[in-house]
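Participant: For the sequence shown, the numbering used here begins at 3 and goes up steadily by one. For each residue, glycine too, the CB sits at the ideal point set by N, CA and C. Quick one: structure below, then a few questions.
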Amino acid sequence: MVKTHVDFLIIGQGIAGTHLAAMLMAEGLSILVVDNGNPNAASRVNLGLMNPITGRKLKLAWKVEQVFPFAEQWYHALEQQLQHSVFFPKNLIRFFVDEKQSRLWDEKKDLPEYRRYIAEPQNWHAYQPYINAPFGGVEITGAALVNVNSVLDAVRRRLREAGAFLETNFSPEDITLTHDGVIWKTIFAKAVIFCEGFRGVSNPFFSWIPFSPVKGEAIDVEIPELPAEKILHRGIFIRPLSEQRFRVGSTHLHRDYVEIPTPAGIEQLQTKLRDFIRKPFHLLGTLAGIRPATRDARPVLGRHPEHPQLVIFNGLGSKGVSMSPYCARMLTDHLLRNQPIDPELDVRRFWQK
Ligand SMILES: Cc1cc2nc3c(=O)[nH]c(=O)nc-3n(C[C@H](O)[C@H](O)[C@H](O)COP(=O)(O)OP(=O)(O)OC[C@H]3O[C@@H](n4cnc5c(N)ncnc54)[C@H](O)[C@@H]3O)c2cc1C
């Protein structure tokens with residue numbers, strides 16, 4: 003039986019809605035999660051990586067020293083509840099794409115904030131028989147693989163058991179705002195929290211947020227002769243799935259918001275992979291999803307400035323795996339204990355009447 007009175011109605015059970023739902027339930031709140039079951043949602047097709055040193059410019063991830071330990075602790079806590087492993091620490095070998103990047107690393111590698119992410123000993127040379135590494139590389143520690151689908155499925159099972167999950171499409175036109183909450187069909191909620199991923203672009207209540215979604219494509223491949231112990235990166239990631247099986251990604255495409263892989267994207271990934279590894283591979287499958295990014299590349303959290311019963315948790319971009327637990331915690335503390343939201347993540351930074 004689905005509940006009719008809840009504290010929070012959550013729209014979307016990607017990684018954002020999942021962590022938020024789990025945290026609110028753990029606090030004893032009553033919730034109802036609505037999700038339309040899109041198999042190509044970004045949370046369903048991603049590579050599941052947490053990577054502390056990111057981008058061409060080899061920058062440290064945002065607030066890495068708070069965000070990463072919190073994510074690790076949260077995923078481990080979920081493992082206890084769900085009774086299976088979902089979080090796997092794994093070193094990542096970053097092979098430089100050109101001379102410029104290699105020199106940039108020389109400038110960064112002795113900075114104190116980088117040191118803790120440099121693996122000791124450095125074993126990237128052992129990969130030379132398998133890959134092309136003309137500009138060298140570095141082995142990074144503090145990275146991890148998360149089995150996101152497994153987290154989503156397990157939390158969904160718990161939500162269903164609690165009568166707190168509905169698989170259907172939600173239309174914002176179907177809600178009525180009241181002085182103390184919202185009514186949606188036969189359900190009253192004190193607040194609705196939109197965790198819709200890139201579909202947030204058409205949410206009429208938050209149309210003032212400058213979303214900038216980015217399509218991403220990936221391929222699953224079999225590479226019989228490549229060791230599966232580490233995550234590899236040189237322009238693209240090679241993420242081990244199991245012995246001999248890897249997910250390779252991703253592309254970055256603006257303006258194409260159809261969650262279907264394109265021949266050009268798949269060809270681009272295969273070309274980069276051929277250039278990266280010295281071993282033959284066999285294509286097993288293709289995937290595509292849309293990253294819910296914002297103009298300033300930061301998540302958006304918080305209550306609507308004029309309608310506090312409308313809340314948003316979105317904008318995870320390409321960092322949902324590491325950022326979502328930290329953001330979900332911040333939003334939970336804000337909703338339940340009126341704790342402040344980091345101004346860099348606060349939805350009000352975009353508010354214009
Ligand atoms: C190819 C690819 C690779 C990636 N790799 C990584 C990676 O390695 N590491 C990383 O950190 N991030 C990665 N990302 C980004 C990551 O996937 C996203 O940051 C994250 O999944 C966003 O989660 P979300 O919950 O905000 O959105 P989504 O995953 O889009 O979830 C939104 C959910 O809401 C549902 N929904 C939306 N609208 C409605 C509605 N009206 N009614 C009902 N349900 C609705 C959708 O069906 C979906 O289930 C990758 C993304 C792509 C595309």
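Just to check, is the beta-carbon of S214 closer than 7 Å to a non-hydrogen atom of ligand 1?
Facilitator: no
Participant: Thinking just about the alpha-carbon of each residue, which of W64, S45, R46, V47 is nearest to the one in P54?
Facilitator: W64
Participant: Starting from D37, follow the beta strand (DSSP E) in both directions and report where the run begins and ends.
Facilitator: 33 to 37
Participant: So E196 packs on I314, CB below 8 Å; how close in whole Å?
Facilitator: Checking the displayed sequence, the identity of residue 196 turns out to be Phe instead of Glu. Right, their Cβ atoms sit about 5 Å apart.
Participant: Measuring alpha carbon to alpha carbon, tell me which residue in R247, D108, N40 is nearest D155.
Facilitator: N40
Participant: Is any heavy atom in ligand 1 found nearer than 7 Å to the beta carbon of V47?
Facilitator: yes
Participant: Have a look at H284 and I133 and give me their C-alpha separation to the nearest angstrom.
Facilitator: 16 Å
Participant: With a threshold of 8 Å on Cβ separation, who are the neighbours of K110 within its own chain once the five nearest residues in sequence on each side are excluded?
Facilitator: So the qualifying residues of the chain are L60, Y116.
Participant: Judging by CA-CA distance, which residue of M325, F90, K232, R276 is the nearest neighbour of Y129?
Facilitator: K232
Participant: For the alpha helix (DSSP H) containing A145, list its first residue and its last residue.
Facilitator: Here A145 belongs to no alpha helix (DSSP H), and DSSP marks it neither H nor E.
Participant: Three-state secondary structure (DSSP) at G251?
Facilitator: strand
Participant: Rank G50, G202, A79, R305 by C-alpha distance to the C-alpha of L347 and give the top, closest one.
Facilitator: R305
Participant: Determine the extent of the beta strand (DSSP E) in which V323 is found, giving its start and end residues.
Facilitator: First-last for V323: 322 to 339, but that is the alpha helix (DSSP H), not the beta strand (DSSP E).
Participant: Skipping 5 residues on each side, what residues in its chain have a beta carbon closer than 8 Å to that of D258?
Facilitator: K217, T264
Participant: Just checking my contact of F70 with M52 at CB under 8 Å: how many whole Å lie between their CB atoms?
Facilitator: 6 Å
Participant: Within the same chain, show all residues whose beta-carbon is closer than 8 Å to that of E29, passing over the 5 residues directly before and after it, in chain order.
Facilitator: T334, L338
Participant: Provide the residue(s) that pair with N316 in DSSP beta bridges, ordered along the chain.
Facilitator: V302
Participant: Just the Cα atoms here: how many angstroms apart are H336 and I343?
Facilitator: 7 Å
Participant: Near Q311, which residues of its chain fall below 6 Å by C-beta distance, leaving aside the five closest residues on each side in sequence?
Facilitator: Within the same chain, and ignoring the five residues on either side of Q311 in sequence, the residues whose Cβ sits closer than 6 Å to its Cβ are G183, V184, A193.
Participant: Consult DSSP for F137 and reduce its assignment to one of helix, strand or coil.
Facilitator: In the three-state DSSP reduction, F137 falls in the coil class, being neither helix nor strand.
Participant: If you measure from the CB of D258, is any heavy atom of ligand 1 nearer than 7 Å?
Facilitator: no
Participant: Check whether the Cβ atoms of G291 and G14 lie closer than 8 Å to each other.
Facilitator: no
Participant: Let's see if you can read the secondary structure: which residues bound the beta strand (DSSP E) around F167?
Facilitator: 167 to 169
Participant: For Q15, is the beta carbon positioned less than 7 Å from some heavy atom of ligand 1?
Facilitator: Relative to ligand 1, the nearest heavy atom lies less than 7 Å away from the CB of Q15.
Participant: Could you have a look at V216 and say whether DSSP puts it in helix, strand or coil?
Facilitator: strand
Participant: Can you check DSSP and say which residues form a bridge with I12?
Facilitator: Residue pairing from DSSP places I12 in a beta bridge opposite V35, I195.
Participant: Taking C-beta to C-beta, are G319 and R293 nearer than 8 Å?
Facilitator: yes
Participant: Is V148 closer than 8 Å to V35 when the C-beta atoms are compared?
Facilitator: no
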